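Participant:
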DNA sequence: AATCTTGTCAACCGCGGTAAT
DNA sequence: AATTACCGCGGTTGACAAGAT
């Protein structure tokens with residue numbers, strides 16, 4: 018019955034991608050576009066599953082990717098969007114051309130989340146923590162302004178994040194996807210708080226982000242495309258041919274993506 | 001200098017919705 | 001209509017690097 022299996026999954030390579038594999042995948046997509054991910058590894062001569070190829074393309078090889086650290090503006094926007102959308106990273110990423118959901122998710126989990134905690138804000142609800150006891154451990158709950166409604170909202174939000182089905186029941190419209198976590202007044206307070214604590218957080222942060230911004234800008238000017246949408250399923254390869262060829266030229270001139278990445282990181286932390 | 005701890009991020013896993021048969 | 005695979009998403013893991021001891 019049903020469909021044919023995409024691959025037998027036997028003898029498929031896993032783990033980090035090599036430069037050679039990257040080039041094979043890039044060359045294939047540049048020449049053929051993407052019509053069906055399950056066919057990509059076969060046609061490109063890769064011992065990977067289509068899923069792995071898709072992930073590698075989206076998160077690393079895509080020509081319109083914006084690399085480097087997040088700017089303060091971007092981080093603020095991520096927090097604002099997260100307060101509205103929750104952990105729907107793909108929705109959040111849609112607001113940041115050149116950024117991947119994985120990148121934003123990682124940044125959230127490794128940086129922003131911790132900063133919120135340091136400031137006594139619950140990364141899930143974006144509201145202040147209330148210490149349950151005086152033992153100083155992480156046993157924290159969220160303050161809900163003595164509002165039972167607020168408690169319900171908080172609980173609902175948490176469960177909604179755990180329930181995948183809910184995310185799709187909200188509809189495809191952007192507005193429909195937004196979780197009503199907090200009221201508009203609360204949102205304004207939240208944004209004001211963000212402005213306040215971002216300004217006072219760490220003194221070195223602003224210049225660090227400026228550095229990152231500079232690098233991002235210079236990188237983007239070299240590699241970003243006028244049309245930032247990536248060649249995707251069902252899209253004609255010719256749509257972005259010029260841009261992609263331009264990008265491909267740039268890629269070929271690099272020793273490797275990894276090499277460039279490390280160079281960029283070195284510059285970033287100078 | 002060696003070891004341990006912490007931070008970062010690429011890649012994988014598993015799930016739900018959708019499409020193909 | 002039922003079954004099965006594909007796609008996209010979010011959660012999690014593990015390798016590596018950097019910093020601390």
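Numbering (this note's numbering), first residue to last: 18 to 287. Every residue, glycine too, gets a C-beta built ideally from N, C-alpha and C. Values in this document were obtained by computation on a predicted structure and should not be read as measured data.
Buried or exposed: where does residue 142 fall if 16 or more other Cβ atoms within 10 Å of its Cβ makes it buried?
Facilitator: buried
Participant: Output the distance between the C-alpha atoms of residue 121 and residue 84, rounded to the nearest integer angstrom.
Facilitator: 11 Å
Participant: With the cut-off set at 8 Å, would you say residue 58 and residue 67 are in Cβ contact?
Facilitator: yes
Participant: Helix, strand or coil for residue 138? Go by DSSP, reduced to three states.
Facilitator: strand
Participant: According to DSSP, is residue 146 part of a helix, a strand, or is it coil?
Facilitator: Strand, per DSSP.
Participant: Please name the residue, chosen from 44, 40, 34 and 124, that lies closest to residue 96 on a Cα-to-Cα basis.
Facilitator: 124
Participant: Would you say residue 39 and residue 78 are within 8 Å of each other, going by their C-beta atoms?
Facilitator: Taking a C-beta distance under 8 Å as the contact criterion, residue 39 and residue 78 qualify as a contact pair.
Participant: Name the two residues that bound the continuous alpha helix (DSSP H) containing residue 13.
Facilitator: No answer is possible for residue 13: the residues shown for the chain start at 18 and end at 287.
Participant: Assign residue 41 to one of two classes, buried (16 or more other C-beta atoms within 10 Å of its C-beta) or exposed (fewer than that).
Facilitator: buried
Participant: Can you give me the Cβ contacts of residue 289 inside the same chain, cut-off strictly under 6 Å, excluding the 5 residues immediately before and after it?
Facilitator: Residue coverage of the chain in this structure runs from 18 to 287, which leaves residue 289 outside it and unanswerable.
Participant: Looking at C-alpha atoms only, which residue of 54, 64, 36 and 48 is the closest neighbour of residue 30?
Facilitator: 64
Participant: I need the straight-line Cα distance from residue 127 to residue 37, nearest angstrom please.
Facilitator: 30 Å
Participant: Quick check: the Cα distance between residue 145 and residue 99, rounded to an integer number of angstroms?
Facilitator: 16 Å
Participant: Do residue 81 and residue 33 have their CB atoms nearer than 8 Å?
Facilitator: no
Participant: Please list the terminal residues of the continuous alpha helix (DSSP H) segment that includes residue 58.
Facilitator: 57-61
Participant: Please report how far the alpha carbon of residue 91 lies from the alpha carbon of residue 73, in whole angstroms.
Facilitator: 24 Å
Participant: Would you identify the three-state DSSP class for residue 74, choosing helix, strand or coil?
Facilitator: helix
Participant: Return yes when at least one heavy atom of the ligand GTP lies under 7 Å from the C-beta of residue 106, else no.
Facilitator: The ligand GTP is absent from the structure shown, which contains no ligand whatsoever.
Participant: Under 6 Å Cβ to Cβ from residue 56, same chain only, skipping five residues before and after it: list those, please.
Facilitator: none
Participant: Any idea what DSSP makes of residue 33, helix, strand or coil?
Facilitator: coil
Participant: Confirm, please, whether the CB-CB distance from residue 75 to residue 117 is below 8 Å.
Facilitator: yes
Participant: Whose C-beta lies closer than 7 Å to the C-beta of residue 119 among residues of the same chain, with five residues either side of it excluded?
Facilitator: 76
Participant: Taking only three categories from DSSP, how would you classify residue 39?
Facilitator: helix
Participant: Need the endpoints of the alpha helix (DSSP H) that residue 122 sits in, please.
Facilitator: 118-124
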